[in-house]
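Enquirer: The following block contains the structure, expressed as structure tokens.
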Amino acid sequence: MSRREVFRTLVGMSGHGHQVSEEEAAAMFEPASWDERYSSPEKIWSGNPNPQLVAAATGLTPGTALDVGCGEGGDVIWLASQGWTVTGADFSANGLARAARHAEEAGVADRVDWWRVDARAFAAAGRSYDLVTSHYLHAPEGGMVEVTRRLAEAVAPGGHLLVVGHAPSETFAHMSASHLRAMFLAEDLLPALPDGFAPLVAQQRPRTMTRDGVRVDVHDATLLARRNP
């Protein structure tokens with residue numbers, strides 16, 4: 028099975044009944060698989076902003092933002108259109124190229140820059156942002172706790188951290204064991220918050236998504252925290 032077929036099976040887009048091995052599933056956590064996926068001509072995601080981002084950012088004063096795991100740039104473009112100056116970060120070079128093209132088409136390229144980085148090795152290195160966000164980035168073997176700790180280091184005083192992912196549920200029961208272990212509950216991430224952060228939201232929020240043309244109910248594990256000024 029090609030990486031593209033594996034990807035379609037794992038995200039529930041394929042009804043071919045392929046059995047995905049743990050080795051194939053593990054490969055989907057690496058840049059090469061996503062570069063291959065983003066090399067196809069088809070659009071992967073809707074381009075719409077993620078609903079938990081809209082809920083959290085609406086009402087905030089626009090400043091600087093970092094979106095880690097930005098993919099095709101939907102959230103980056105929405106933030107830029109709301110007046111934020113945004114850095115989109117991802118470990119896929121092809122994904123970033125696609126996102127940059129979409130930002131040009133949306134007329135917000137002057138408010139955006141791009142950073143190729145793996146969230147698992149991400150280091151703020153003196154950079155800070157008023158909003159740091161990550162949506163549906165799932166590090167293997169429970170690695171989102173460490174990723175969240177790294178992301179928190181990039182939040183400026185008085186800024187916000189938003190981390191959203193898939194909470195485990197029966198909807199994802201078809202996925203590999205390694206992908207199920209990568210999912211998390213919002214409260215799992217609380218130990219990653221450094222001193223000086225106040226959690227504002229730590230809950231599973233219901234959402235409806237479409238899979239194989241069928242609408243299904245899922246829950247977004249949502250952690251929103253604010254760093255003290």
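Its first residue numbered 28, the sequence shown is counted upward by one per residue in the numbering used here. Glycine residues also receive a C-beta, built at the ideal position from the N, C-alpha and C atoms. None of these values were measured; they are calculated from a predicted model.
Would you mind reading off the limits of the alpha helix (DSSP H) that contains glycine 240?
Expert: Taken as a continuous stretch (DSSP letters only), glycine 240 belongs to no alpha helix (DSSP H), as it is neither H nor E.
Enquirer: Taking contact to mean at least 3 C-beta pairs separated by less than 8 Å, is the segment 106 to 125 in contact with the segment 58 to 71?
Expert: yes
Enquirer: Rounded to whole angstroms, how far is the Cβ of aspartate 94 from the Cβ of threonine 160, which I believe are closer than 8 Å?
Expert: 5 Å
Enquirer: Going by DSSP, what residue range makes up the alpha helix (DSSP H) through tryptophan 105?
Expert: Run containing tryptophan 105: 101 to 108, per the alpha helix (DSSP H) assignment.
Enquirer: Less than 8 Å between CB atoms is the rule here; does methionine 55 satisfy it with respect to chain B?
Expert: Although the question refers to chain B, the structure presented lacks it and comprises just one protein chain.
Enquirer: Within this structure, are the beta carbons of tyrosine 163 and alanine 181 separated by less than 8 Å?
Expert: no
Enquirer: Run the proximity test for valine 95: is its beta-carbon closer than 7 Å to any non-hydrogen atom belonging to the ligand FAD?
Expert: For the structure depicted, the ligand FAD is absent and the ligand set is empty, with no information on it obtainable.
Enquirer: Can you check DSSP and say which residues form a bridge with leucine 93?
Expert: Thr114, Val159
Enquirer: Check whether the segment 184 to 193 and the segment 232 to 251 touch, using three or more Cβ-Cβ pairs below 8 Å as the test.
Expert: yes
Enquirer: Suppose the cutoff is 7 Å on Cβ atoms and the five residues either side in sequence are ignored; what does the same chain contact list for valine 172 look like?
Expert: If you ignore the 5 residues before and after valine 172, its C-beta comes within less than 7 Å of the C-beta of Asp215, Leu216, Pro218, Ala219, all in its own chain and listed in chain order.
Enquirer: What number of angstroms, rounded off, separates the C-alpha of glutamate 197 from the C-alpha of aspartate 145?
Expert: 29 Å
Enquirer: Need the endpoints of the beta strand (DSSP E) that histidine 129 sits in, please.
Expert: That residue, histidine 129, is in no beta strand (DSSP E); its alpha helix (DSSP H) goes 120 to 133.
Enquirer: If you compare alpha carbons, which of Leu80, Pro256, Arg242, Phe224 is closest to valine 103?
Expert: Leu80
Enquirer: In whole angstroms, give me the CA-to-CA distance for serine 29 and arginine 64.
Expert: Because serine 29 carries a pLDDT of 33, less than 50, the predicted location of this residue cannot be relied on, and no value is offered for it.
Enquirer: What first and last residue would you give for the alpha helix (DSSP H) that runs through leucine 207?
Expert: 204 to 209
Enquirer: So if DSSP puts threonine 88 in a beta bridge, which residue, or which two residues, is it bridged to?
Expert: Answer is none; threonine 88 lacks a bridge partner.
Enquirer: Please work out which residues of its chain come closer than 6 Å, Cβ to Cβ, to alanine 107, disregarding the five sequence neighbours upstream and downstream, and give them in chain order.
Expert: Around alanine 107: Val113, Val135, Arg138, Val139.
Enquirer: Is it buried or exposed, aspartate 222, if we count other Cβ atoms within 10 angstroms and call 16 or more buried?
Expert: The residue is exposed, with fewer than 16 neighbouring Cβ atoms inside 10 Å.
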